[in-house]
Amino acid sequence: MGGGSAVRQYQRRFLQGESEETGRKEDCEEGLWKARALTFGEYGVRETKSGEYELVKKDTTVGVFSKACIEKERVLFLLSRGTLLEVSERGVREIASPEKATLMGMIASDGGTTFRRGLRSDGRYRTEYLIRFHSRDKELVEIFDKLSEVVYHKESLHYTRKRNGLITSVVYSKGIFYDLGDFNVKPAPYEFHVPREHLDDEGKRAFLRGFFSGDGNISISSEGKVTIRFYSTCRSGIEELHQTLKDLGFHPNKIREEKELRGKTTYNFTIPREEHIKFIKDIGSYRPRHMHILEEIKREAEGREEE
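With our numbering, letter number 115 in the sequence shown gets 736, and the count goes up by one each step, no holes.
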């Protein structure tokens, strides 16, 4: 996906030491700290006389921001479309906000990005850019709609399939199409990518929660054994999910390959039973059925601890 990457264009300017004005006026949810002068590797942050935050690299101004979120080991600047600029001792990178990471996880599981061209009545071609999410759970569709508004300030349109009740939520936007293309969330149909290089730990948890809400599975055997499973037909994507969980301190079981009757191959892995409570607390799900079962597991575990 091309069209010029806003992320990459900004990074090139930033890393070369050219000035960049964000124009963002949003409040940071992590809390706003006043800073006279802070140093993160070769970058420094200092407060200007007008109360803004100036980012410098070797005494060269590379950005002026209205808001800054300063934490112990990094500083975050708000950019656009749910993206944050993170500056730390490790360097500079753009990361997705938790809301954007959740949205990307949902699209990676049960969504997609595409464009289509059609001939108009005047003989010219018209191109439409679509971002879609599919689900029979209206609660998940509502979450997708809300996240689209929060991150991109765009409303969704709904289409319902009568024969099975599948709801498709669609956002039409060329800008969003290319923004998600920069993160390579859906490189091809039936494939997905976890943009770990653009996710901090909170973003990784949010992406996993969004994905599991769509392509996650929780089953209970007749003996009461609970299985928490990630699955997909995309091997590379499953491997990235597996590694992302390991990044967060989980020890997911080995990836398994399964052949279905019609010849389709799926890949899956499960969460060890001893890490179910950690999964519930750190990841969880937005799917109503999942939430009900996970809450039952949590209550039973808490009951055993009290005995």
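Backbone N, C-alpha and C define an ideal beta-carbon position, used for all residues, glycine too.
Own chain residues within Cβ distance below 8 angstroms of residue i, not counting five before or after
i	result
G741	Here residue 741 is Arg; the residue named in the question, Gly, does not match the sequence. Answer for R741: R747, listed in chain order.
D868	R817, D822 and K825
T669	E675 and V685
E861	H814, V815 and R817
Close-in-space but distant-in-sequence residues of the same chain around residue i (CB under 7 angstroms, 5 per side omitted)
i	result
N838	R850 and Y852
R908	D758, L761 and S834
C855	Y811, E812 and F813
I918	V847, H897 and I901
L820	I716, A717, A722 and F828
E776	E770
Per-residue burial, residue i [other beta carbons within 10 Å of its own, 16 or more giving buried]
i	result
F833	buried
E715	buried
L697	buried
Y799	buried
H872	exposed
A729	buried
Y888	buried
S906	buried
H911	buried
K807	buried
E707	buried
Y811	exposed
A922	exposed
T681	exposed
Y773	buried
T704	buried
6 angstroms CB neighbourhood of residue i in its chain, flanking five on each side removed
i	result
K899	none
A616	One cannot answer for residue 616 here, as it falls past the ends of the chain, which runs 622 to 928.
V771	E720
L866	P873
I914	I839
DSSP bridge partner residues for residue i (one or two, in chain order)
i	result
N838	R850
T669	In DSSP, T669 forms no bridge with anything.
F661	Y664
R877	N889
(Q) Using a Cβ distance threshold of 8 angstroms, determine whether the region 799-812 contacts the region 761-770, with at least three qualifying pairs required. (A) no
Q. Are at least three pairs of beta-carbons, each pair with one atom in the region 750-764 and one in the region 788-797, less than 8 angstroms apart?
A. yes
**Q.** In chain order, each alpha helix (DSSP H) run of at least 4 residues that lies wholly inside the region 714-783
**A.** 719-731 and 759-773
Q: Could you pull out every unbroken alpha helix (DSSP H) segment of at least 4 residues lying fully inside the region 675-721, listed in chain order?
A: none
Q: Please list the segments of the beta strand (DSSP E) lying wholly inside the region 788-819, counting only runs of 3 or more residues, in order along the chain.
A: 788-793
(Q) Within 8 angstroms, do at least three Cβ pairs link the region 658-673 to the region 689-709? (A) yes
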